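Number of protein chains: 10
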Amino acid sequence: MLFLVRMDVNIPHDLPAAQADEIKAREKAYAQQLQRDGRWKNLWRVVGEYANYSLFDVESNDELHTLLSQLPLFPFMKIHVTPLAQHPSAIA
Amino acid sequence: MLFLVRMDVNIPHDLPAAQADEIKAREKAYAQQLQRDGRWKNLWRVVGEYANYSLFDVESNDELHTLLSQLPLFPFMKIHVTPLAQHPSAIA
Amino acid sequence: MLFLVRMDVNIPHDLPAAQADEIKAREKAYAQQLQRDGRWKNLWRVVGEYANYSLFDVESNDELHTLLSQLPLFPFMKIHVTPLAQHPSAIA
Amino acid sequence: MLFLVRMDVNIPHDLPAAQADEIKAREKAYAQQLQRDGRWKNLWRVVGEYANYSLFDVESNDELHTLLSQLPLFPFMKIHVTPLAQHPSAIA
Amino acid sequence: MLFLVRMDVNIPHDLPAAQADEIKAREKAYAQQLQRDGRWKNLWRVVGEYANYSLFDVESNDELHTLLSQLPLFPFMKIHVTPLAQHPSAIA
Amino acid sequence: MLFLVRMDVNIPHDLPAAQADEIKAREKAYAQQLQRDGRWKNLWRVVGEYANYSLFDVESNDELHTLLSQLPLFPFMKIHVTPLAQHPSAIA
Amino acid sequence: MLFLVRMDVNIPHDLPAAQADEIKAREKAYAQQLQRDGRWKNLWRVVGEYANYSLFDVESNDELHTLLSQLPLFPFMKIHVTPLAQHPSAIA
Amino acid sequence: MLFLVRMDVNIPHDLPAAQADEIKAREKAYAQQLQRDGRWKNLWRVVGEYANYSLFDVESNDELHTLLSQLPLFPFMKIHVTPLAQHPSAIA
Amino acid sequence: MLFLVRMDVNIPHDLPAAQADEIKAREKAYAQQLQRDGRWKNLWRVVGEYANYSLFDVESNDELHTLLSQLPLFPFMKIHVTPLAQHPSAIA
Amino acid sequence: MLFLVRMDVNIPHDLPAAQADEIKAREKAYAQQLQRDGRWKNLWRVVGEYANYSLFDVESNDELHTLLSQLPLFPFMKIHVTPLAQHPSAIA
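Listed in order, the protein sequences are those of chains A, B, C, D, E, F, G, H, I and J.
Anchor point for the first sequence: position 72 equals 72 in my numbering, and the numbering is continuous, going up by one each time.
Every position in the second sequence, counted from 1, becomes a number in my numbering once 92 is added.
Every position in the third sequence, counted from 1, becomes a number in my numbering once 184 is added.
Every position in the fourth sequence, counted from 1, becomes a number in my numbering once 276 is added.
Every position in the fifth sequence, counted from 1, becomes a number in my numbering once 368 is added.
Every position in the sixth sequence, counted from 1, becomes a number in my numbering once 460 is added.
Every position in the seventh sequence, counted from 1, becomes a number in my numbering once 552 is added.
Every position in the eighth sequence, counted from 1, becomes a number in my numbering once 644 is added.
Every position in the ninth sequence, counted from 1, becomes a number in my numbering once 736 is added.
Every position in the tenth sequence, counted from 1, becomes a number in my numbering once 828 is added.
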């Protein structure tokens, strides 16, 4: 089941740099692990913004929320989820 | 070069049904042709809305505008384009 | 799997009354059938508006889109879907 | 009398973690008590967000405001209340 | 129980004048009857706009929706309802 | 001359509690004095929010601005003023 | 007492040209009469838009609403009124 | 003096095609004449939209409004004007 | 050449009071000097808000930006500029 | 390939002045270098705002994102990118 997710990151400027770096390193590892297991199908940067659009393929709403809320950057992101369905003109 | 495109369709209720059907048939054929040639990589329905999110892979802004402005439903759609870039945490 | 859905109805004033009435009658029958089969769990009127909030319980995004896009009033509604998940403080 | 309530939580990152944890523990206890007494009928997580949609069943506007303003997280939430009414097509 | 209600009127310019006048006459009679029975406590014009803010005093959400949805101008208005509660600094 | 005023309060979480309490106490005294002299005709809490809708009856725009800008919470509020006029269907 | 007023004009394209011209001629005469009597102090065109910002000097909210609602273009305008007060740094 | 102008075109679907074509032909001739005389410095299509961003170089606000309001498509466009100034980091 | 300018002031609560007072004193002196030389033609307070609408009469966009960016409160203001033109119905 | 970019700068008032100055100096040098190599074709100040509109000419979305994300002020800016295409009425 597919969901389009937009994440906008906003790290407070007074967060210590070491702490921010550590969070970002964990975020990257976590994102890559989820991509490898196939649930985070695509991850694209929005040009010019500290933001991404992502495509998730999960079994349920609960599974998606669990994945997203465990993102190390979750407390510093604004996330918006759009559920997707099969389009009648799609060939795949 | 990837672009995320959202299209919201709004066909006026007083457009004759036959005319609307003819436009939609041409739209579908055109959308499937572009998917087969690889430039319209994905086409997803937004759940509950007469709208889609689509992923395009084109050589230039001009090519994308040409593709979109030739959509038979173009006069009846609100389209928003978001340019995408490689994400540093993407594994593909 | 639960989804909160808001529907805002906007019937053009120049739609013939008989046609509007016929659509609304079919809408009501369809809504009650889906409630009886358990997929449209709740249907509430927004006070002062020709709008409702509804709770749907379905197996997938595709199923939800199929249900919503078959609403007789679908062409005259603005619909917004919010996917819901289990809340850690919920007792049910 | 039913009200749909959306709550968006935003805890400042410089609030000490112990203080935040203590507030969240009290919030959870309070939310579960109100659910058990039947006034907080439903509590759903919005997928991907630190937010919830809730359904309250109270006797009056004053009672609802009293309940909401006593939430331990009240100072850190943006709350929006929508009054609901019986829908003519609802079967319950 | 008090509710603040804002109503914005938008009568289509191609509605026949006689029909519009008849609706407005019924609207006025209805509004004055509800004011006399005490449920429509106040009715103020928004300066420069075909709009009003109104204060309603009713027993329930259902009663308010019934009153509002029976307004003759209801199909031509955008209505927004805000539930009000006792303010701790109010002297009345 | 009537004005509808909405005030949204937002006290920074790092303002010392004693200072916040002192400001709120002065706010309450000031609000009650203006209610007693008849210029702050009504003060209602918006359900679920740290906000109010108020009705002011003053001689001029200048008088209203003077009253509002002297509110002890003025630096911590977002205020919006809507001028009101006699409605042709009002019976009072 | 000063008010800043923004008016956005939107004449439906299917209004007969003769009728539109007649309304615009009356609007111009009315606007000039109010400017000559001093209540419509200034009238500026917003560059690039069929819109104006205007400054009115009137005795009351009611007087302003009466003036604005009698504009021949009133049914085809979106109007927003901002009450103004003396600024402490103004030299006039 | 430079101004960035965004124009969004919205031609009603029930405008006769011949009339629309005639307006668009005049629009094109007018746009090209202004580009040749140097006042309409740039004209870019917004990808995916019936809209443009344009750069104008004029002597005054009045001159710009005169140019824009004489556009044959003016009645069918939403136009927004942003005045530009020399940037301290610009090398030209 | 006229411009309508709206300025919304937002001074952070943790800026030392002495520093804020000094900035405001310089702001007032600067605003009065520009009013006396005729370029800041009008300065009005928005009722209920720490904001103003101002009318500027300058030779160019560059001159206006220079004036505005030298405001002592510039770093603490959100400013929006609307270019104005002669209105065909204006008598002055 | 052209892109219109709007950048709004928002430097926190508690960032030390020396640090802010150093960032701004690097920003200026970087902006001028990109202008000289032809990829940052134009840089205009938005009148009255700490913001700019810029025109970029790059080979790809990736190249644009790389340029923008390396701006020294990137962490303190809100950036919005609009892809541009050839306009059929443009003479250049």
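We put the beta carbon where it would ideally sit given N, CA and C, even for glycine.
Since the structure is predicted, the reported quantities are computational estimates derived from the model, not experimental observations.
Annotation for residue 713 of chain H: the continuous alpha helix (DSSP H) segment containing it runs 705-713. Contact between residue 449 of chain E and residue 419 of chain E fails: their C-beta atoms lie close to 14 Å from each other, not under 8 Å. Residue 460 of chain E counts as exposed, since fewer than 16 other C-beta atoms from the protein chains shown sit within 10 angstroms of its C-beta. Look at the region 831-844 of chain J: the residues with a C-beta under 7 Å from a C-beta of chain I are 841. If you draw a straight line from the Cα of residue 424 of chain E to the Cα of residue 412 of chain E, it is about 12 Å long.
Note that the C-beta distance between residue 180 of chain B and residue 892 of chain J is not below 9 Å. Within 8 Å of the CB of residue 229 of chain C, the CB atoms of chain E belong to 433, in sequence order along the chain. For residue 61 of chain A, the chain D residues whose C-beta falls within less than 7 Å of its own C-beta are 323, listed in chain order. Within a 10 Å sphere around the beta-carbon of residue 177 of chain B sit 16 or more other beta-carbons, which makes this residue buried.
At the C-beta level, residue 283 of chain D and residue 330 of chain D come within 9 Å of one another. For residue 252 of chain C, the chain B residues whose Cβ falls inside 9 Å of its Cβ are 139, 140, 141, in order along the chain. Annotated as proximal: residue 679 of chain H and residue 685 of chain H, with beta-carbon spacing under 9 Å. Residue pairing of residue 534 of chain F in beta bridges, as defined by DSSP: absent, with no partner found. Between residue 462 of chain F and the set E:415, E:447, E:369, the nearest pair of CA atoms involves E:415. Membership of residue 586 of chain G in the alpha helix (DSSP H) is indicated by the continuous run 569-588. Beta-bridge partners assigned by DSSP to residue 603 of chain G: G:560.
Bridge pairing for residue 723 of chain H: H:651 [DSSP].
Judged by DSSP in its simplified three-state form, residue 315 of chain D adopts coil rather than helix or strand. Residue 729 of chain H carries a strand assignment under DSSP once its states are collapsed to helix, strand and coil. Comparing C-alpha distances from residue 392 of chain E to each of E:405, E:442, E:446 shows the shortest one belongs to E:442.
The distance from the Cβ of residue 623 of chain G to that of residue 591 of chain G is about 13 Å, inconsistent with a contact at the 8 Å cut-off. If the five residues before and after residue 354 of chain D are omitted, its C-beta is found closer than 6 Å to the C-beta atoms of 284, all from its own chain and listed in chain order. Residue pairing of residue 609 of chain G in beta bridges, as defined by DSSP: G:554. One Cα belongs to residue 196 of chain C, the other to residue 118 of chain B, and the distance between them is close to 27 Å. For residue 907 of chain J, the nearest CB of chain A lies under 9 Å from its own CB, placing it at the interface with that chain. Contact with chain B is found for residue 259 of chain C, since one of that chain's Cβ atoms lies less than 9 Å from the residue's Cβ. In terms of Cα proximity to residue 642 of chain G, the closest of I:785, I:766, I:798 is I:766. For residue 637 of chain G, the chain F residues whose Cβ falls inside 7 Å of its Cβ are 521, 522, 525, in order along the chain. Taking a 10 Å sphere around the C-beta of residue 96 of chain B, we find 16 or more other C-beta atoms and assign the residue as buried. Rounded to the nearest whole angstrom, the C-alpha separation of residue 405 of chain E and residue 396 of chain E is 14 Å. Between residue 200 of chain C and residue 480 of chain F, the alpha-carbon positions lie close to 60 Å from each other. Cβ contact annotation for residue 482 of chain F (same chain, cutoff 7 Å, sequence separation greater than five): none.
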